[in-house]
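J.: In the numbering used here, the protein residues as written are 4 to 650. Cβ atoms here follow ideal geometry from the backbone N, Cα and C, with glycine treated the same way. Structure incoming, see below.
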């Protein structure tokens with residue numbers, strides 16, 4: 004390959020100017036002759052009609068362009084929290100990122116969320132403080148916020164003259180070299196020794212050291228810009244090329260690729276946008292899908308430039324591209340060997356809805372449409388309940404629901420309505436207990452499963468282990484018990500998904516002649532539910548941490564609201580007639596409060612929230628969920644249902 008490759012993510016809290024920045028980078032790199040506008044719906048990356056109409060990024064978009072000897076595959080990600088799942092899937096394929104902040108709003112809720120994810124995945128980052136031309140921008144305050152809430156190891160490379168005006172200028176910092184050296188000596192022993200001995204440090208040596216420091220997340224360069232005016236773009240592009248590490252990989256190694264996005268082309272069918280970490284993909288290659296149950300053939304490979312694309316025929320190691328022909332693939336799938344970076348979960352859908360077609364005869368068509376959309380966004384977690392003919396979805400917010408309604412109307416020509424969103428509770432065992440199923444009839448069948456269930460600390464999820472030997476129960480059947488567990492725990496005795504529990508297989512039997520290969524898939528859910536009956540379960544509710552800022556005279560009213568919503572909060576701070584209050588609130592009681600708060604503050608207040616985990620729901624609060632489908636404890640009906648499903 005002639006060019007080095009950089010897979011670059013542009014990320015931000017909503018309205019920090021991320022898409023405008025992307026457009027300006029494309030303009031200054033020479034890819035477009037006229038900069039597009041978010042307000043006019045003419046940007047390259049927001050190519051969906053719905054994005055142009057709403058003026059917001061809904062789906063991640065990739066555009067490739069060369070800058071000197073580097074080919075940048077730039078991924079513009081959504082900023083709105085309702086579409087954080089798109090960001091989550093893109094994070095795993097990046098070599099580096101630009102995290103964009105507004106010079107007015109500073110570090111916001113999603114900025115913190117993104118920072119933690121980038122830190123966890125060890126992704127090198129450049130920081131860009133945008134909108135330096137805006138009234139109210141406070142660059143020193145934003146830098147202080149970054150040092151306190153993100154990382155103190157900032158290297159400020161620029162300065163801004165005439166901020167808050169259209170005449171603002173972004174210029175090199177007069178002390179950038181000294182400040183850069185001060186950063187570099189903290190992690191570069193050779194430079195530290197030269198510095199201490201008053202030896203000169205060559206500029207190129209310093210730049211190489213800083214590039215290594217950025218790659219290892221030892222230093223974080225800070226740039227400034229007014230993306231709307233195109234100021235600071237050339238310097239940012241230089242920084243991207245100079246400091247962010249480039250992709251690496253081997254073409255002759257086994258295939259390892261990650262599908263970070265899926266969409267559907269009306270002519271070509273399913274499009275899988277992926278990054279190849281090792282190996283290559285070519286037209287007509289046979290690709291094993293996850294689970295090892297299916298192999299599908301690549302029919303075409305394309306590279307996108309916004310809404311336009313070209314046929315490239317193959318993808319080398321380190322590159323991104325769009326593959327057609329893999330009809331069974333879902334967003335987030337791994338093709339081939341596991342990639343070097345694990346998926347980091349940012350998105351936690353806390354609400355669920357039921358979907359209704361405009362007329363009963365449209366139910367099959369709506370089901371197919373939602374199945375397709377769930378392949379694009381697996382977090383929707385579509386559930387079809389055949390007994391009651393119901394469609395249930397998980398969502399992250401009401402904006403996502405509005406967008407889904409429009410997508411279904413525009414893409415499929417269907418009118419859909421949704422129930423009011425309800426909170427997704429969970430449940431956990433109250434004590435240690437056992438459950439057993441002896442499944443011996445009606446013949447042919449033979450499966451005995453005995454499980455121990457134990458409660459775990461909050462946030463532990465589900466753990467499984469077996470303490471029985473192969474001679475007591477063959478490992479293949481023990482594995483069937485393990486595989487059955489996720490589905491068996493989707494509904495506990497209160498109707499919600501079970502979490503924070505360890506299940507241990509402490510007993511089991513099979514029969515050499517009578518055991519059917521799928522008998523343990525029938526028996527395990529029964530043993531699970533009996534264990535939960537014996538242990539009892541506790542209802543858990545989702546919580547959010549919120550930061551509110553508004554006019555001081557409204558503080559008393561806000562505190563009363565916090566108390567009425569069962570909130571826990573710290574002492575508020577007051578500064579220049581404005582209060583800031585941090586609180587922990589149940590999602591169920593605070594669902595509509597952001598709208599109320601904006602109205603109360605006449606749109607001037609700031610309300611930011613992020614998921615804070617699940618905790619025990621007080622007695623009398625929360626709600627049970629009606630069971631969907633057949634209850635394994637309705638024994639005869641369950642066996643008939645399970646056995647007919649196997650045929």
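Where do the N-terminal and C-terminal ends of the beta strand (DSSP E) with residue 360 fall, by residue?
T.: 354–360
J.: Looking only at its chain, what residues have a beta carbon closer than 8 Å to the beta carbon of residue 139, apart from the 5 residues adjacent to it on each side?
T.: 107, 167
J.: Can you confirm whether residue 193, when its beta carbon is compared against all beta carbons of chain B, has any partner nearer than 8 Å?
T.: Included in the structure is just one protein chain, with no chain B present.
J.: Quick one: residues in its chain with C-beta nearer than 7 Å to the C-beta of residue 734, no 5 flanking neighbours on either side, listed in chain order?
T.: The requested residue 734 is not part of the displayed model; the chain covers only 4 to 650.
J.: Whole angstroms is fine: what's the gap from residue 578's alpha carbon to residue 135's?
T.: 23 Å
J.: Looking at residue 179: is its Cβ nearer than 8 Å to the Cβ of residue 223?
T.: The Cβ atoms of residue 179 and residue 223 do not sit closer than 8 Å to each other.
J.: For residue 600, which residues of its own chain have a beta-carbon under 6 Å away from its beta-carbon, when the five flanking residues on both sides are left out?
T.: 608, 610
J.: Which residue's Cα is closest to the Cα of residue 98: 196, 92, 218?
T.: With distances taken between Cα atoms, residue 98 lies closest to 218.
J.: Ends of the alpha helix (DSSP H) at residue 179?
T.: 179–187
J.: Considering just the uninterrupted stretch of the beta strand (DSSP E) at residue 387, what are its terminal residues?
T.: 386–388
J.: For residue 603, which three-state DSSP category applies?
T.: helix
J.: Kindly indicate the opening and closing residues of the alpha helix (DSSP H) around residue 246.
T.: 236–246
J.: If you reduce the DSSP assignment to three classes, tell me which class residue 142 lands in.
T.: In the structure shown, residue 142 falls within a helical segment according to DSSP collapsed to helix, strand and coil.
J.: Is there contact between the stretch 467–478 and the stretch 430–437, where contact requires at least three CB pairs shorter than 8 Å?
T.: no
J.: With a cut-off of 8 Å on the beta carbons, I'd call residue 318 and residue 284 a contact; round off their distance for me.
T.: 5 Å
J.: Using 10 angstroms around the beta-carbon of residue 150, count the other beta-carbons present and answer buried if the total reaches 16, otherwise exposed.
T.: Residue 150 comes out exposed.
J.: What number of angstroms, rounded off, separates the C-alpha of residue 571 from the C-alpha of residue 547?
T.: 11 Å
J.: So residue 334 and residue 380 are supposed to be a Cβ contact under 8 Å. How far apart are they, rounded?
T.: 6 Å
J.: Based on the DSSP secondary-structure assignment, which residues constitute the bridge partners of residue 450?
T.: 442, 513
J.: What do you reckon, are the CB atoms on residue 500 and residue 453 nearer than 8 Å?
T.: no
J.: Report the three-state DSSP secondary structure of residue 641 (helix, strand or coil).
T.: helix
J.: Under 8 Å: do the stretch 536–545 and the stretch 588–605 share three or more Cβ pairs, one atom per stretch?
T.: yes
J.: Please state whether the Cβ-Cβ distance between residue 245 and residue 210 is less than 8 Å.
T.: yes
J.: I need the straight-line Cα distance from residue 620 to residue 173, nearest angstrom please.
T.: 52 Å
J.: May I ask which residues mark the beginning and end of the beta strand (DSSP E) holding residue 11?
T.: Residues 7–15.
J.: Distance, Cα to Cα, residue 394 vs residue 185?
T.: 59 Å
J.: State the Cα-Cα distance for the pair residue 517 and residue 595, rounded to the nearest angstrom.
T.: 56 Å
J.: Quick check: residue 90 and residue 9, are their CB atoms within less than 8 Å of each other?
T.: no
J.: Output the distance between the C-alpha atoms of residue 350 and residue 612, rounded to the nearest integer angstrom.
T.: Taking the straight line joining both Cα atoms gives about 13 Å.
J.: Could you check which residue in 420, 528, 561, 25 has the C-alpha nearest to that of residue 1?
T.: Only positions 4 to 650 of the chain appear in the structure, and residue 1 is not among them; the question remains open.
J.: How about residue 12 and residue 100: are their beta carbons less than 8 Å apart?
T.: yes
J.: Hey, residue 442 and residue 526: beta-carbon distance below 8 Å or not?
T.: For residue 442 and residue 526, yes; Cβs fall inside 8 Å.
J.: For residue 537, which residues from the same chain have a beta carbon less than 7 Å from its beta carbon, with the 5 sequence-adjacent residues on both sides left out?
T.: 436, 437, 438
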